[in-house]
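Sequential numbering from 1 applies to the sequence shown in full-length UniProt numbering.
By construction, the Cβ of each residue, glycine as well, lies at the ideal position given by its N, Cα and C atoms.
Source: prediction; values computed, not measured.
Report on the structure given below.
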Amino acid sequence: MSEILVLVEHVDGEVKKVTLELLTLAKSLGSPSAVWAGPGLTDAATAKLAEYGADKVYNASSQEIVDYVVAPKAELLAQLVSEKSPAGVLVAATAEGKEIAGRLAVKTDSGVITDAVGLSDGFVADQSIFGGGVNVKSKVAKGTPIVAVRPNSTAPVAAAGAGAVEEVAVTVSDAAKAARVVDRVKQEKGARPELTEAAIVVSGGRGVGSADNFSVIEGLADALGAAVGASRAATDAGWYPHQFQVGQTGKTVSPQLYIAAGISGAIQHRAGMQTAKTIIAINKDPEAPIFELADYGIVGDLHQVVPQLTQEVSNRK
Numbered sequence: 001m002s003e004i005l006v007l008v009e010h011v012d013g014e015v016k017k018v019t020l021e022l023l024t025l026a027k028s029l030g031s032p033s034a035v036w037a038g039p040g041l042t043d044a045a046t047a048k049l050a051e052y053g054a055d056k057v058y059n060a061s062s063q064e065i066v067d068y069v070v071a072p073k074a075e076l077l078a079q080l081v082s083e084k085s086p087a088g089v090l091v092a093a094t095a096e097g098k099e100i101a102g103r104l105a106v107k108t109d110s111g112v113i114t115d116a117v118g119l120s121d122g123f124v125a126d127q128s129i130f131g132g133g134v135n136v137k138s139k140v141a142k143g144t145p146i147v148a149v150r151p152n153s154t155a156p157v158a159a160a161g162a163g164a165v166e167e168v169a170v171t172v173s174d175a176a177k178a179a180r181v182v183d184r185v186k187q188e189k190g191a192r193p194e195l196t197e198a199a200i201v202v203s204g205g206r207g208v209g210s211a212d213n214f215s216v217i218e219g220l221a222d223a224l225g226a227a228v229g230a231s232r233a234a235t236d237a238g239w240y241p242h243q244f245q246v247g248q249t250g251k252t253v254s255p256q257l258y259i260a261a262g263i264s265g266a267i268q269h270r271a272g273m274q275t276a277k278t279i280i281a282i283n284k285d286p287e288a289p290i291f292e293l294a295d296y297g298i299v300g301d302l303h304q305v306v307p308q309l310t311q312e313v314s315n316r317k
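Right under this line is the structure:
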């Protein structure tokens with residue numbers, strides 16, 4: 001089977017969920033090889049990668065890879081592409097992942113696809129473009145296909161791989177050392193999952209009415225073990241922090257379940273969440289555009305509907 005490189009997203013030695021999704025996609029197309037960039041690979045991390053299909057784990061443990069911004073990881077992948085001639089390279093469609101993909105494409109003279117939400121035989125990617133107005137299939141026409149895949153667009157499925165570790169030596173060029181990481185500040189992790197990785201997202205919009213009323217949205221999210229999101233109208237009004245904005249100018253999410261409460265469904269918001277597997281809309285306006293996208297819709301006041309939904313979820317636990 002053709003080898004497919006998967007860049008591992010990891011924090012403090014822990015493999016992030018998006019990597020398991022990428023391995024699942026790679027397994028459906030060929031033989032996945034996980035690429036661990038930087039120090040910190042543990043036996044537990046190797047076992048997790050193997051559990052989800054990694055036949056090989058390339059361990060590039062040089063501290064220099066993480067001492068500088070983005071460029072060393074692109075050089076590492078470019079070196080592996082040159083040495084291993086893989087069928088393709090998969091990275092997470094995060095801000096860093098997309099920059100790595102672009103740099104790698106230049107270094108390998110290859111085509112790149114970003115924000116893919118699916119992959120099929122021949123590295124044909126499913127994409128949602130033009131602010132979510134058009135769904136297309138795309139394929140790289142030159143070089144080694146490099147694809148950045150949105151988190152949560154694929155459900156991770158365990159499929160045992162050999163997990164053979166191969167040490168990789170990489171020399172970081174002077175050009176890649178132009179921007180150095182001088183400090184790292186660890187963000188305090190709350191009880192809720194990270195917005196872009198959460199399997200369930202509950203978002204509130206203008207219909208929430210105020211910052212205080214967002215406690216209703218948070219209550220449902222906590223009952224479901226979900227992340228909280230917000231529309232641009234809500235964040236611009238100062239009701240919820242901007243880092244939780246979902247939409248074209250905010251974050252893109254692709255959860256298994258997305259609940260939109262008090263959100264009209266403007267195309268800018270839809271661009272950030274329409275690839276969710278199941279969408280539930282709660283809005284008192286039966287003509288709200290969000291209902292055109294929703295799998296299930298509730299016409300009603302969210303301040304009456306959401307507390308009842310929260311109570312029902314809590315009762316079933």
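Do you know whose CA, among the options, lies nearest residue i's CA?
i, options, result
"K317", "G30, D222, T154 and A294", "D222"
"T24", "P156, V299, L302 and V201", "P156"
"D115", "Y68, A237, G300 and A125", "A125"
"K48", "L80, Q63 and V165", "V165"
"V89", "D285, H242, S31 and E51", "S31"
"A198", "L293, V185 and K251", "K251"
"P63", "P72, Q308 and Q274", "According to the sequence shown, residue 63 is Gln rather than Pro. Closest by alpha carbon: P72."
"I263", "L302, S254 and G238", "L302"
"P86", "L7, A276, N135 and V117", "L7"
"Q308", "V168, G219 and N135", "G219"
"I200", "A26, V134 and L224", "L224"
"Q304", "N213, E287, M1 and A233", "N213"
"N283", "D236, G97, I298 and F130", "I298"
"V134", "R270, E287 and Q311", "R270"
"V182", "Y68, S82, A158 and G97", "Y68"
"P39", "R184, S82 and V11", "V11"
"V66", "E312, G300 and R184", "R184"
"A158", "G102, A237 and K17", "K17"
Around the C-beta of residue i, are 16 or more other C-beta atoms found within 10 angstroms, so that it is buried, or is it exposed?
i, result
"S153", "buried"
"residue 348", "No information on residue 348 is available, as it lies outside the stretch 1 to 317 that the chain covers here."
"residue 343", "Look at the range of the chain in this structure, 1 to 317, and you will see that residue 343 is not part of it."
"A37", "buried"
"P255", "buried"
"G143", "exposed"
"E21", "buried"
"T171", "exposed"
"V306", "buried"
"E287", "exposed"
"E9", "buried"
"L276", "Note on residue identity: the sequence assigns Ala, not Leu, to residue 276. So A276 counts as buried."
"A233", "buried"
"A162", "exposed"
"A211", "exposed"
So, using beta-carbon positions, are residue i and residue j closer together than 8 angstroms?
i, j, result
"V35", "L77", "yes"
"A261", "S314", "no"
"Y258", "I290", "no"
"V228", "R192", "yes"
"W239", "V216", "no"
"T196", "V253", "yes"
"S28", "D55", "no"
"G111", "V140", "yes"
"L293", "G265", "yes"
"A226", "A50", "no"
"residue 372", "Q274", "Since the first residue of the chain shown is 1 and the last is 317, residue 372 is not available in this structure."
"L41", "S61", "yes"
"I146", "V136", "no"
"Q127", "S138", "yes"
Round the Cβ separation of residue i and residue j to the nearest angstrom and send it over; I've been treating them as touching at under 8 angstroms.
i, j, result
"E3", "K84", "6 angstroms"
"R206", "S231", "7 angstroms"
"A74", "I100", "5 angstroms"
"V168", "Y58", "5 angstroms"
Are the C-beta atoms of residue i and some chain B residue less than 8 angstroms apart?
i, result
"I129", "The structure shown has no chain B; it contains just one protein chain."
Examine the ligand COA and report whether any of its heavy atoms sits within less than 7 angstroms of the Cβ of residue i.
i, result
"I279", "Because no ligand of any kind appears in the structure shown, any question about the ligand COA cannot be addressed here."
Pairing CB atoms from the stretch 138-151 with CB atoms from the stretch 91-105, are three or more of them under 8 angstroms? yes
Could you tell me whether the stretch 45-59 touches the stretch 169-185, using the rule of 3 or more Cβ pairs below 8 angstroms? Contact between the stretch 45-59 and the stretch 169-185 is absent, with fewer than three C-beta pairs closer than 8 angstroms.
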